[in-house]
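Line by line, the protein sequences are chains E and H.
At position 26 of the first sequence the residue is numbered 26 (the working numbering), and the sequence of numbers has no breaks.
At position 17 of the second sequence the residue is numbered 1017 (the working numbering), and the sequence of numbers has no breaks.
Here a beta-carbon is modelled for each residue, glycine too, at the ideal position from N, C-alpha and C.
Just below is one structure, and these are the notes that go with it.
Protein chains: 2
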Amino acid sequence: MSKQELPVVDLNAVACCSPLAVRPMDAEQAALVAPLFKALGDPIRLRLMSMIASVPEMCVCDLTPAFDLSGPTISHHLKVLREAGLVDSERRGTWVWYRVKPEAFRQLGALLDISAAPAASSTA
Amino acid sequence: MSKQELPVVDLNAVACCSPLAVRPMDAEQAALVAPLFKALGDPIRLRLMSMIASVPEMCVCDLTPAFDLSGPTISHHLKVLREAGLVDSERRGTWVWYRVKPEAFRQLGALLDISAAPAASSTA
DNA sequence: ACGCTGTTTTGATATCTGTCAAGGTAGAGG
DNA sequence: CCTCTACCTTGACAGATATCAAAACAGCGT
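Structure below.
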């Protein structure tokens, strides 16, 4: 975690919530969680996430050429994912490696659990 | 579905994908899925979603006063959720009722399933 | 020390987004 | 028909975002 320089999302604070479909979220919870969804709400970042999540770790040098975008732009998107708390980065020598933070994934997955939803939304 | 006037997200097309952590997403899949996350990436919309998902259905007249925002603004956010395919609306007399589309929820939840992830991202 | 490669930061710009006020549509009830 | 309420659309605008070029930073190899 060489580059955790920023006030990244606190996943412990996020981890408090029951599934979306169980109880309305208060404003504070929503303000904590929305940035995670927002970070995934861009096609480039979604692909970056899936590339990183598909392997134990991924070098920026392998991510950048997969897109028709400049290096700085990829770096920007990676920063958004980092600041959302979805990935971690580590510099090892010349290269920087990215890894997913699985607890963030689990958290979002739990929010989207619909199994305990009220009748109409589980049958509609 | 009185107001399904628009080229709403096709959930069948979205439903194709394996979890993020299993295989990189291609650009086309990402373009289909990202708008769903994006729609949830705003605190107001996240709260609207959770309010709607917590009950069988919800009247706009009960959603609007829960926020410190104008009617048009709430209407705008509901439209974003509708066009993302996350909710359905139906007018019954004077009022408009919103319901979640549970298949969209299930889809996003499946994408975030991390149980089949490669070693480093399930242990880090 | 110098230059080379990989990555991030800065600065600039075009586009997108959230918000409200004003105006429009839809149904209910005289 | 008229009016009232509920909801949506339009238009305008401030602030955020995606993008790139240029510049800065970090290691490596010479």
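Spatial neighbours of H:I1044 in its chain, beta-carbon cut-off 6 Å, leaving aside the 5 residues before and after: H1077
Inter-residue Cα distance where the pair is H:R1082 and H:M1025: 24 Å
Exposure label - E:L69; buried when at least 16 CB within 10 Å: exposed
Inside the stretch 21-84 of chain E only - alpha helix (DSSP H) runs reaching at least 4 residues: 27-40, 43-53, 60-63, 71-83
For H:V1060 and H:V1096, believed in contact at Cβ under 8 Å, the rounded distance: 5 Å
Straight-line Cα distance separating H:R1092 from H:G1071: 19 Å
Separation of E:Q29 from E:F105, as counted between CA atoms: 16 Å
Residues, ordered as in the chain, of the stretch 1046-1067 of chain H that lie near chain E by beta-carbon distance below 7 Å: L1046, R1047, M1049, S1050, M1051, A1053, S1054, V1055, P1056, E1057
Per-residue burial, E:D62 [other beta carbons within 10 Å of its own, 16 or more giving buried]: exposed
Own chain partners of E:A66 with C-beta closer than 8 Å, once the 5 adjacent residues on each side are dropped: R47, M51
Any C-beta of chain H under 8 Å from that of E:V80: no
Whole-number beta carbon distance between H:R1023 and E:S54, since they are thought to touch under 8 Å: 6 Å
Candidates E:S18, E:G109, E:A84, E:T94: closest to E:K38 by CA position: E:A84
H:G1041 at chain E interface by Cβ criterion, 8 Å: yes
CB contact flag (E:P35, E:L111, <8 Å): no
Spatial distance of E:G109 from H:T1094 (CA atoms): 36 Å
is_contact[E:L108, chain H] using C-beta, thresh 8 Å: yes
Contact set between H:R1023 and chain E, taken where Cβ atoms lie within less than 8 Å: S50, S54
Backbone CA spacing between E:T73 and E:P102 [nearest angstrom]: 24 Å
Boundaries of the beta strand (DSSP E) in which E:D113 is found, first to last residue: Where E:D113 is concerned, there is no enclosing beta strand (DSSP E), given that its DSSP letter is neither H nor E.
Cβ of H:P1072 within 8 Å of any chain E Cβ: no
Proximal chain E residues relative to H:V1033, where beta-carbon distance stays under 9 Å: L40, P43, L46
Pairwise C-alpha distance: H:E1090 and E:L32: 31 Å
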